[in-house]
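One structure below.
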Amino acid sequence: MEFLGPNYLIGNQTGLALYEIIKDLPIIDAHNHADVKAIWENLNFADIWQAEAATDHYVWECLRKRGVPEELLTGNRSSEDKWLAFAQVFDELAGNPTYEWIHLDLKRVLGIDELICAENAKLIWDKAKAALARPELRQQQMLQGMKVEVMCSTDDPIDSLEYHKKLAEAGCPVRVLPTFRPDKAMNIFKPDWKDYITKFEACVGSTFASVGDLVAALQDRHDYFAECGCVASDHGVEVPFAFDVEEEDADEIFQKAYAGHELEEDEIVLFMSFLLNEVAEMDAEKGWVFQLHIGAVRDVRDSLFDSIGADTGGDISDHMTEIVTPLRDLLNRFDDRLNVVLYNLNPIHTGTLAQLTRAFGAKVNLGLAWWLNDSPIGMKRQLEYVGSVDVLMNMAGMVSDSRKVPSYGSRHEMFRRVLADVVGEMVERGQMPLHLAERLVRSLAYDRPKQLFGL
Amino acid sequence: MEFLGPNYLIGNQTGLALYEIIKDLPIIDAHNHADVKAIWENLNFADIWQAEAATDHYVWECLRKRGVPEELLTGNRSSEDKWLAFAQVFDELAGNPTYEWIHLDLKRVLGIDELICAENAKLIWDKAKAALARPELRQQQMLQGMKVEVMCSTDDPIDSLEYHKKLAEAGCPVRVLPTFRPDKAMNIFKPDWKDYITKFEACVGSTFASVGDLVAALQDRHDYFAECGCVASDHGVEVPFAFDVEEEDADEIFQKAYAGHELEEDEIVLFMSFLLNEVAEMDAEKGWVFQLHIGAVRDVRDSLFDSIGADTGGDISDHMTEIVTPLRDLLNRFDDRLNVVLYNLNPIHTGTLAQLTRAFGAKVNLGLAWWLNDSPIGMKRQLEYVGSVDVLMNMAGMVSDSRKVPSYGSRHEMFRRVLADVVGEMVERGQMPLHLAERLVRSLAYDRPKQLFGL
Amino acid sequence: MEFLGPNYLIGNQTGLALYEIIKDLPIIDAHNHADVKAIWENLNFADIWQAEAATDHYVWECLRKRGVPEELLTGNRSSEDKWLAFAQVFDELAGNPTYEWIHLDLKRVLGIDELICAENAKLIWDKAKAALARPELRQQQMLQGMKVEVMCSTDDPIDSLEYHKKLAEAGCPVRVLPTFRPDKAMNIFKPDWKDYITKFEACVGSTFASVGDLVAALQDRHDYFAECGCVASDHGVEVPFAFDVEEEDADEIFQKAYAGHELEEDEIVLFMSFLLNEVAEMDAEKGWVFQLHIGAVRDVRDSLFDSIGADTGGDISDHMTEIVTPLRDLLNRFDDRLNVVLYNLNPIHTGTLAQLTRAFGAKVNLGLAWWLNDSPIGMKRQLEYVGSVDVLMNMAGMVSDSRKVPSYGSRHEMFRRVLADVVGEMVERGQMPLHLAERLVRSLAYDRPKQLFGL
C-alpha cells in the first residue's frame, strides 16, 4: 500500500505478472497536443511549473477547485509563486488522478520522491530546477527516456508542419508525426470561421468560390500531411454530425456563411456532416485512421472563455449527447473501407459506443476512455465493460492526449497498470487462460496501436 | 484461477457455498429463440459449427471483428471451413463472454476440455463430431441433460404452433411453451407490414375492415396460444410506446396504412401504443406475463441488413432511448392487474428501470440484463445496483435469450455464478444474513421465474 | 461476515482504520425532512411502526413490492397490525438498504439485536415498545444520542418556523435550522399554484400585483429565515431550469397564471428559471448555500397520487433529464459568488454533474448520491468516480434526507463506512498516502459540511 509503489493500481497477483511483461515496452502515442516547435528547439524546462502546469489546463481546473486565484494559474505571477501556491493546496487534490500523475512524473522522470506539499514546496522547486537543467532532460531526451517511439501531435490543415519536417530530417529518434484536425474548417457556427477560411485561402493561394474549392484545398493539405508522415485525421466534435448530404446543399450553406449571413441550426448540421464525410473519404483513400473525439461541450464556463480563451478548463461532457442517429450514415457509407476510432468522454456513452463498434465490424474500433474519463476508475470501468460487448483485441490502445512532455510515461504507465489489473482479474476469475491474457496486454500496450495506425 | 474452473466468476467463499446450492437446480427459461421444429425432429447436430455458430449472430459479430469474411460466416462455405476459420481467430476473442460460453458448452455438454485455437481446430472438430453423434446429444436429450424443465420460445401470432403441440402430445419431458410476440402486427412503419397483415387475414380467414378486426384476430390467436400452453407475451421495442390512445384514432391510422399510404411519425407512435395496450389487456385477463424487451435499435449496419437480412448482427442500443414518458400511461392503466417484466439492454437504463419497477409495486418487475448486457460484468453491475433500489426477490430471474440448444446450460450457469458472487459479496460485507442469501439465490435461480410465469 | 458486524461495508484493512477515526464524530445533516414540531414536543414514539415506518414512504414502497396492501401501510389499521405485516415480508427485502437501515436503527438506537422476521415480530414489537418508552429515547434525546450537532429541516417560505424558534430559545443542544424551499412558488404548472400564492399573500399581508411583488415577498421571508438561523435554500426540480430571463417577461407569465389562464410549456420554463435565479441572488447576497436536488420525476404512479397524495412512493428519476443546457446560465451568472451544491438521483447523471462542478471552480460542488441513489453501492460508485474528475475534498458531505428521527445515525454510519471503504481502497492501491486519506475522510464526514454551510 505504498503510494505509487510496485503494486500501484494492481489488486491481484496475475495483474502484477502481466504488468511486468508490458511495463518496459516502447510507447506509441497516437493522439496528444505536443508543442512540436518546442520539441524541435529541445530546450530544458526552466522550472517545475513550466514542466508540469504551465500548459496543462487539467491542472488549473483542479487548483481552481481549491481556491487558487487566476493570477497564480494563468496570470503574470512568477513560476515560483505559482508553484508555491500549487504546493500549498496539492494535498487536497488526493483522490484526483492529477495527484498521481504529477507525483509519477516527479518520481519517474525527475527522480524526486518527496510528496508535494506546503512543507516540501521549496525543496522540490530546487531539486526539480537542478534536475530539469540536466542534458538528459531536454525535451527530446526526456521523450527518449520514457521510450516514446512514435507520437502524433494535433495539427490544423494550414499548419506548415515545419518542425515535424525538421525533426524528421534531423533523424530525431522519437518520431513526431502530424495529425490532420480540420475542426476550424468544420465549425461554421463559430464567429471566427470566416477569418479562418480567409487564412486557408491564403495558405493554398486561391479563393474558395464554392464548398468544392474548400474540399479541394483540404485535399491539398491532406496530401501534404501525408508527405509529412501523417497517418490519421482527428475530429473534436460535440455531436458527431455525419449525415449523408449532397454537395449542392452543402454549397448553398457555404455560400451563405461565406457571404456573412447567419445560418440556421440545421444548416450547420448539414454543412458539418458534409465536410466530415469528405475528410473520411480522403482518409479512406489513403488508409488513414479516422478518429472521432465525441462529446466535448466546450467553453461552458463563460468567465474562463471571456478572460483566458478556449481550452482553459471550461469544457465538460453531457449525458444527453446524441451519437447513434447522427453517426450511422457515415459508418454505413464507409462500411469496411475506413479505419475508425471512436473515443468517449462521458462514461454514460460506453455502452452505446461499444455496441456500435461491435456492430460495424473489424474496422470500427473503440479508443480508450478519454480526457476526463481516462482516470484509473474511468479506464477500468471502460475496459471491464467493453470486453463484454465488443472485442478487447480491437481496441485502439492508449493515447495520452497529453499537453506536456513529462507526462507521456505516466499516462501510459497508468493505463498499463489498469489494463494489467483488469485482465489479471479476468484470469483470476477463470474467464481467460493466462497465455491469452499475456498476448492481450502486450497487444493493447504496444502492438495494436502500432499496427492500427501503421506505425 | 483455472479457466472455467470451480471458482469461475466467484470471488468470495460465501459465493462458492451459495453456488453449490443452486448449481444443479433445473432450468426455467422464460425467453429464448428456440427452433421448436428442430427440437421436435430431435436430430443430432451434424457438427460443431452447426451446434455452436450456424444460428447465433452473436458469434458472427465477434468473428467479423477479427476479420472473418462473410462467406465463412453466413456464406456457402462448408461447416468445416467455417469452423477452421472460427478456430483461427478464437484466441483473439478472449475477454468477450462468447469465449467463455462456447468453451463452457464444449466442456459441460460435449465433454471437450481443449481450448479452441488454430492448433486444436481439427482435433476439436473431430471430437465434437463424434460426441454430437451420440444419442444422448440429440436435441431433446441435450436439453434434458442440462436439466431444462421449461423453456418458452418466441412465436408469431400466426404461427401454427404445430411442433409445440407435437412435443406436448409426445410427452417430451422438457416442456417447450410458445410465447405470443406480435411485433410484426405492431410494426406499422415497416415496408412489409401490409404483407404481414394479409398473411394474418389468411390465417384467421377474414379480412380486417378496421383495427378492431385486427385486435379481434389477435385475441383469437391469443386464445389459441393459451390452449397451447402459452403464459406470456413478449415485445421487442426500441421505444416502449404505450400512450393511451382511443380506438377511433388508431382505426384512422390503420385504415390509412391498410390503404397503402405513408404514415407520419406520430401516427406510428399512436398505432403502436394502441396495439400494445390491447395485447396488455389480453394478458391481464389471462394472468399472463407481459414482457418488454426495451431499447434495441435494429439493423443499424446497412450492409448486413441488405445482404443477409434482419437479426444478423446489426443491432445495438442507444443511451438516448426514451422510456419513462412513453411507458407510464400503460403502467398506470394496468396498475396492479398485469404482471410486467422489463428487460434492459443498455446498462445506462438500469437506474431508470429499477426505479420504475420499484414505484409500480408488486406486479411490475425487472428482468435480468439482456442480450449485449447479459455478460458477467453486465449482470453483475445490474444485480449490484438493482437490489439497492428495487427488491432483488422481485426480479424475474434469468432468461437465456438463446439461439442454439447447447447454450441453455452455459447461460444459466453464468448467471447463477454471477448471482452467487454478488449475493455472497453482500453477505461478506455484512449486508445480509447467510440464511436469507441462500433463500434469495435459490429463488432467483429457480422458484421465482417458476412462480411468476406460472410454470 | 457478521450481519452489520464491525466490518460492515468495509472490505479492506485501511478502510477499517479510517472508519475508526470518523465513526464517533458528531453529525452535521444539512438536508432532511424533520418534523420540527414533533422534535419540539419531544414525545416518545408510541411504537416501532411509528418510529420506523409511519412517516417513511421509502419503506412503504419496498413493502408494496412484496404485496403488502395499502391498508397495512397508509391505511387505518393499527400500528401493531402494520408492524406484523411488515415483519412478515421483511426477510424478502434483504439486499435493499432498507433491510440494513432499519436493522441498524434497532441495533444502535433501540439496542435490539434480533433479526426482523415473522417469528420475531411480536418479540421485537414488545422490546421496541419498552425501549421507546425510555426517557433517553424521546426525540431530542434520541438525536443527542446519535450525536446530531446540527440538522437542517426543509421548510416552505410561508412556514412560521415557530418550532425552530422555540427549540433555539429553549437551548436545545441539537441545533435544528430551517431551509428555505420555495418549490411551491416556483411550480406555476401545478393546479394548486394560485391557491398557494393566495396563502403567500396572506402570510405577508399584501396582494401581488406583479412578479416583482412575489419576489419581494420571497425576499421578506428569506430575511426572516435568516433571522431564524437558516443557511441554505433548497430546490427540488425535475429539470434545473435556470435560463436568464428578463423580469418583464416573467411578469407577463405571472399575470397570465395569476388571472387563471393556462400556460404554455415554454412559459413555465421561463417563469421557473426567473424565480430560481432570484432566489439564487438572495442566497448569494447572504452567503447561503444554494442546493439543487435534480431529476425527481414526481407522482409517476397515478394510483398512489390519486388515493394518498404526493410523496407516497410514486417518484422516480429518468436518464433523459436535461441538466447542462438549462443550468449553465445560472452557473455563469453567479460564477464565483454563490455556493452551489448539486445532488444527483440517477447514477447516470454522475459523469455530467461531476464535470460540471469541476468546471465551475471552488464554489460549485457536488452533493452525495441522493435518495434512491444513497445506498451502499450508489454512494460507492459515486465516490469512486467523482474523485477521478472533480476533487473529493470539495464534496458537500453526507445529508440524510431523512424522514424519521431514528435514522440519522444509521444514514451517516452507512455513508461513513462507504467513505472509509472507498478511500481505504485507494490507499491500498497506492493512489493516496495514508495521512491524506485520514484528512479526507475526516473532512467529508464532518469538517467540510460544517465549513461549507457555515455551521
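Residue numbers (the numbering used here), protein chains in the order written: chain A, 16 to 470; chain B, 16 to 470; chain C, 16 to 470.
The beta-carbon is built from N, C-alpha and C at its ideal position, and this holds for glycine as well.
Fair warning: this is a prediction, and the values are worked out from it, not measured in the lab.
How long is the line joining the alpha carbons of G302(C) and H308(C), rounded to whole angstroms?
19 angstroms
Please report how far the alpha carbon of L229(A) lies from the alpha carbon of K214(A), in whole angstroms.
12 angstroms
Between the region 301 to 313 of chain A and chain C, which residues of the former have a C-beta closer than 7 angstroms to a C-beta of the latter?
V312
What's the gap between the Cα of T89(A) and the Cα of V191(A)?
Those two C-alpha atoms are separated by around 28 angstroms.
Which residues in the same chain as W386(A) place their Cβ atom closer than 7 angstroms to its Cβ, once the five residues preceding and following it in sequence are excluded?
Excluding residues within five positions, the ones whose Cβ falls inside 7 angstroms are L360 and D416.
When the Cα atoms are used, what is the spatial distance from R463(A) to D344(A)?
27 angstroms
Hey, could you find the ends of the beta strand (DSSP E) M166(C) is sitting in?
Bounds of the beta strand (DSSP E) holding M166(C) are V163 to C167.
My understanding is that V189(C) touches L158(C), with C-beta atoms under 8 angstroms, so please give their C-beta distance in whole angstroms.
The beta-carbon separation of V189(C) and L158(C), rounded to 5 angstroms, stays under the 8 angstroms limit for a contact.
Determine the direct distance from the alpha carbon of L381(A) to that of W75(B), and round the result to whole angstroms.
Rounded to whole angstroms, W75(B) and L381(A) show a C-alpha spacing of 19 angstroms.
Please state whether DSSP places I25(A) in a helix, a strand or coil.
DSSP places I25(A) in the coil class of the three-state scheme, outside both helix and strand.
May I ask you to list the residues that DSSP assigns as paired with L307(B)?
In the DSSP assignment, L307(B) is bridged to H250(B) and L357(B).
So with Cβ pairs under 8 angstroms, would you call Q466(C) a contact of chain A?
no
Taking a cut of 8 angstroms between CB atoms, which residues from the region 433 to 465 of chain B lie near chain C?
Here the close residues are V438, M441, V442, E443, R444, G445, Q446, M447, P448, L449, L451, A452, R454 and L455.
Quick check on E151(A): buried or exposed, where buried means 16 or more other Cβ atoms within 10 Å of its Cβ?
exposed
With a floor of 3 residues, list each beta strand (DSSP E) that falls wholly inside the region 124 to 155 of chain A, ordered by position along the chain.
none
Name the two residues that bound the continuous beta strand (DSSP E) containing I43(B).
I43(B): member of the beta strand (DSSP E) spanning I42 to D44, first to last residue.
Which residues DSSP lists as bridging R190(A), in chain order:
The partner list for R190(A) (beta bridge, DSSP) reads V165(A).
May I ask you to verify whether the region 431 to 444 of chain B touches the region 43 to 62 of chain B, counting CB pairs closer than 8 angstroms and requiring at least 3?
no
Which residue marks the beginning of the beta strand (DSSP E) containing V379(C), and which one marks its end?
Counting along the chain, the beta strand (DSSP E) containing V379(C) begins and ends at V379 to L381.
With DSSP as the reference, please indicate the residues paired to S332(B) in a beta bridge.
Paired residue(s): A311(B).
CB R418(B) to CB H48(B), shorter than 8 angstroms?
yes
Neighbour-count burial assignment, Q506(C), 16 or more Cβ in a 10 Å radius
Nothing about residue 506(C) can be reported from this structure: the residues present for chain C run from 16 to 470 only.
Give the DSSP-derived three-state secondary structure of F195(B) in the structure shown.
The three-state secondary structure of F195(B), taken from DSSP, is strand.
Does any residue of chain B bring its CB to less than 8 angstroms from the CB of F375(C)?
By this cut-off, F375(C) is not an interface position.
Can the beta-carbon of I363(B) be found closer than 8 angstroms to that of H364(C)?
Between I363(B) and H364(C), the CB-CB gap reaches or exceeds 8 angstroms.
Cα-Cα separation, A311(A) to D330(A)
Cα-Cα distance, rounded: 6 angstroms.
I'd like to know whether the C-beta atoms of D298(A) and S248(A) end up nearer to each other than 8 angstroms.
yes
Three-state secondary structure assigned by DSSP to D266(B):
helix
If we cut at 8 angstroms on Cβ distances, does P362(C) have a partner in chain B?
For P362(C), the answer is yes, since a Cβ of chain B falls inside 8 angstroms of its Cβ.
Leaving aside the five residues before and after R373(B) along the sequence, list all residues of the same chain whose C-beta is less than 8 angstroms from its C-beta, in chain order.
The residues are V404, D405 and V406.
Is there a C-beta anywhere in chain A that falls below 8 angstroms from the one on F18(B)?
Any Cβ of chain A closer than 8 angstroms to the Cβ of F18(B) would place that residue at the interface, and such an atom is present.
Taking only runs of the beta strand (DSSP E) that begin and end inside the region 375 to 411 of chain C, which ones reach a length of at least 3 residues, in chain order?
379 to 381
Rounded C-alpha distance that separates V104(C) from A133(C):
7 angstroms
Three or more C-beta pairs closer than 8 angstroms, one from the region 65 to 84 of chain C and one from the region 100 to 116 of chain C: is that the case here?
yes
Looking at the structure shown, is D170(C) part of a helix, part of a strand, or coil, going by DSSP?
strand
So, are the CB atoms of F305(A) and A295(A) less than 8 angstroms apart?
Contact flag set, yes.
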